[in-house]
Amino acid sequence: MARIVVTGGAGFLGSHLCESLLKDGHEVIAMDNLVSGRTENLDGFFHHDRFTFYEHDVTEFVHVTGNVDWVCHLASLASPVFYQDHPIKTLKVGALGTHKTLGLAKEKDAKYLFTSTSEVYGDPEVNPQPEDYRGNVDPYGPRSCYDESKRYAESLIRSYRDQHDLDVRVARVFNTYGPRMRLDDGRVVPTFLRQALESEPLTVHGDGSQTRSFCYVSDLIAGLRALMDADVQTPINIGNPDERTIQDLAEVVIDVTDSDSDIVYEGRPEQDPDIRKPDLSKAREHLDWEPSIPLREGIERTKVDIAKKSHQRDQQDEICK
Ligand code: UDP
Numbered sequence: 006m007a008r009i010v011v012t013g014g015a016g017f018l019g020s021h022l023c024e025s026l027l028k029d030g031h032e033v034i035a036m037d038n039l040v041s042g043r044t045e046n047l048d049g050f051f052h053h054d055r056f057t058f059y060e061h062d063v064t065e066f067v068h069v070t071g072n073v074d075w076v077c078h079l080a081s082l083a084s085p086v087f088y089q090d091h092p093i094k095t096l097k098v099g100a101l102g103t104h105k106t107l108g109l110a111k112e113k114d115a116k117y118l119f120t121s122t123s124e125v126y127g128d129p130e131v132n133p134q135p136e137d138y139r140g141n142v143d144p145y146g147p148r149s150c151y152d153e154s155k156r157y158a159e160s161l162i163r164s165y166r167d168q169h170d171l172d173v174r175v176a177r178v179f180n181t182y183g184p185r186m187r188l189d190d191g192r193v194v195p196t197f198l199r200q201a202l203e204s205e206p207l208t209v210h211g212d213g214s215q216t217r218s219f220c221y222v223s224d225l226i227a228g229l230r231a232l233m234d235a236d237v238q239t240p241i242n243i244g245n246p247d248e249r250t251i252q253d254l255a256e257v258v259i260d261v262t263d264s265d266s267d268i269v270y271e272g273r274p275e276q277d278p279d280i281r282k283p284d285l286s287k288a289r290e291h292l293d294w295e296p297s298i299p300l301r302e303g304i305e306r307t308k309v310d311i312a313k314k315s316h317q318r319d320q321q322d323e324i325c326k
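Here it is as structure tokens:
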């Protein structure tokens, strides 16, 4: 049994990682400042005697008593809508939060896992993106608070590895979706699902020809766990290579929800990447892991969660009337 700190523990990915670790008998200390995370994501674990939660902002000094075997730094504002609303917080959690959590790992002689992002590749000029592609990021662009915070974090992690011999893992996470995303998350899958379920038009940005490759959350978590078990100290892509246009995604969502919604076409956000698809060669070689949940099945599963949240919001609105 290991003692594992998870930052961003009340978030979408963080709560799923906590669940997976608890299931395997580990002790989990979750931290979250609850800016985008929600304690309701942890409802199933509070009773657990191997689970502790601290409401804490990891850009401030992080203290944990006793031994720690792993520090998993997942805290971040991952949705473009959220990180553009909180650009300074986003930069701080990538820079100061990574510094503080690396310091904790060094102090405790713990291993360190970081969830970086496919956004380190920016608006890519190669498809799919292998880990040695250096990216096409505008340092002064509208997405730079997120992209550069993660790029800086990778650099800091590499420096702790070189200078302090810290045992590190860096996962470059590609678009992930599934239960526990917020109704107002802003990312495309929960947005389209909510719109389809509420018979609103689906808001496709641009003509919908831009692509993303969507990974279901349980596959992503299995990839992170495989990375923790492997000895790969350099960045590694974790995602699903099933590349889809946003138009295609909208059609799948309408079909799965049996919705009568139309599709409307809106302006494209500035510097929205045209393409994104992980090259998984390195993950396949080192992790013995492969995503297995097809898009339709993942959308079916996520639909149940979004429908529940939509219903709960309607009930709350009714009570407040
Ligand atoms: N998108 C869209 N409609 C929406 C939300 C997003 O067409 O209501 C598009 C967005 O412009 C991008 C893609 O869907 O091209 C994925 O966006 P998301 O915010 O999910 O994540 P990103 O990959 O951009 O970080």
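Throughout the sequence shown, residue numbering follows our numbering, covering 6 to 326 in sequence.
Using N, Cα and C, we set each Cβ at its ideal position, and we do this for glycine too.
(1) With a threshold of 8 Å, are at least 3 pairs of Cβ atoms found where one atom belongs to the region 233 to 246 and the other to the region 197 to 210?
(2) DSSP three-state label for residue 292, please.
(3) Below 8 Å on the Cβ atoms is my guess for residue 232 versus residue 292; work out the distance and round it to an integer in Å.
(4) Taking the straight line between their C-alpha atoms, what separation do you get for residue 43 and residue 256?
(5) Pick out whichever of 27, 29, 41 has its Cα sitting closest to the Cα of residue 187.
(6) Tell me the rounded alpha-carbon separation between residue 267 and residue 219.
(7) Could you compute how far the alpha carbon of residue 197 sits from the alpha carbon of residue 248?
(8) Kindly indicate which three-state DSSP category residue 16 falls into: helix, strand or coil?
(9) So does residue 142 have its beta carbon nearer than 7 Å to some heavy atom of the ligand UDP?
(10) Starting from residue 58, trace the beta strand (DSSP E) in both directions and tell me its first and last residue.
(11) Under three-state DSSP, which class holds residue 191?
(12) From the DSSP output, in three-state form, read off residue 233 for me.
(13) If you count every other CB in all the chains shown that lies within 10 Å of the CB of residue 66, and 16 or more means buried, which is it?
(14) Given 8 Å as the limit, is there contact between the region 79 to 97 and the region 45 to 56, that is, 3 or more CB pairs closer than that?
(15) Since residue 216 and residue 161 should fall inside the 8 Å C-beta cutoff, what is the C-beta to C-beta distance between them, to a whole number of angstroms?
(16) CB residue 286 to CB residue 135, shorter than 8 Å?
(17) Could you pull out every residue in the same chain whose Cβ sits closer than 6 Å to the Cβ of residue 155, ignoring the five residues on either side in sequence?
(18) Mark residue 192 as exposed unless 16 or more other C-beta atoms lie within 10 angstroms of its C-beta, in which case mark it buried.
(19) With respect to 7 Å, is the separation between the Cβ of residue 192 and the closest non-hydrogen atom of the ligand UDP below this value?
In terms of the structure at hand:
(1) no
(2) helix
(3) 6 Å
(4) 30 Å
(5) 41
(6) 22 Å
(7) 17 Å
(8) coil
(9) no
(10) 56 to 60
(11) coil
(12) helix
(13) exposed
(14) no
(15) That pair is no contact at about 31 Å.
(16) yes
(17) 99, 121, 122, 125
(18) buried
(19) yes
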